[in-house]
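In the numbering used here, the protein residues as written are 3 to 149.
Taking it in order: structure first as structure tokens, then the write-up.
This is the structure in structure tokens:
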């Protein structure tokens, strides 16, 4: 959906191919994130759903209907909410990632920059509602104008 809420027709030509490529690449990265504890999963699923929504809405709907990941996507897209479990996983992953940066680089400046970025992201994650019930529903898309 576009910013105004109306349904956009699928893209055509090279843009469609690029969006499908982005969607499948993000889907692959999300798959890697399922098995690697420090690799995020949800953000790649969100980007994949966005790309598929613009290139092939049926693929987006398949992601939204997925038995394992569909609810997370629907809650984010429809309400902007992140479950407490996902918040804990995100914060734990960010903390572990920062510890790895600090240990590998052993550079105070690099650690501080990474830490500041992660604190900003963590603040955003924590500020999101924890359930769809706590979030105000996003407006329904307006029906397309008659032609």
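Where is the CB? At the ideal position from N, CA and C, for every residue including glycine.
It should be emphasised that the depicted structure is a prediction, and the values quoted were computed from it without experimental measurement.
- Distance from the CA of residue 14 to the CA of residue 50, rounded to the nearest whole angstrom, comes to 17 Å.
- Taken through DSSP and simplified to helix, strand or coil, residue 70 comes out as coil.
- If you check the CB distance, residue 36 and residue 43 come in under 8 Å.
- Residue state for residue 17 is assigned as helix, using DSSP reduced to three classes.
- In this structure, DSSP gives residue 43 a state outside helix and strand, which the three-state scheme calls coil.
- Every unbroken stretch of the alpha helix (DSSP H) spanning 4 or more residues and falling wholly within the region 72-110 is given here in chain order: 72-81 and 86-107.
- Distance between residue 109 and residue 58, taken at the CA atoms: about 45 Å.
- For residue 56, the closest of 23, 113 and 101 by C-alpha to C-alpha distance is 23.
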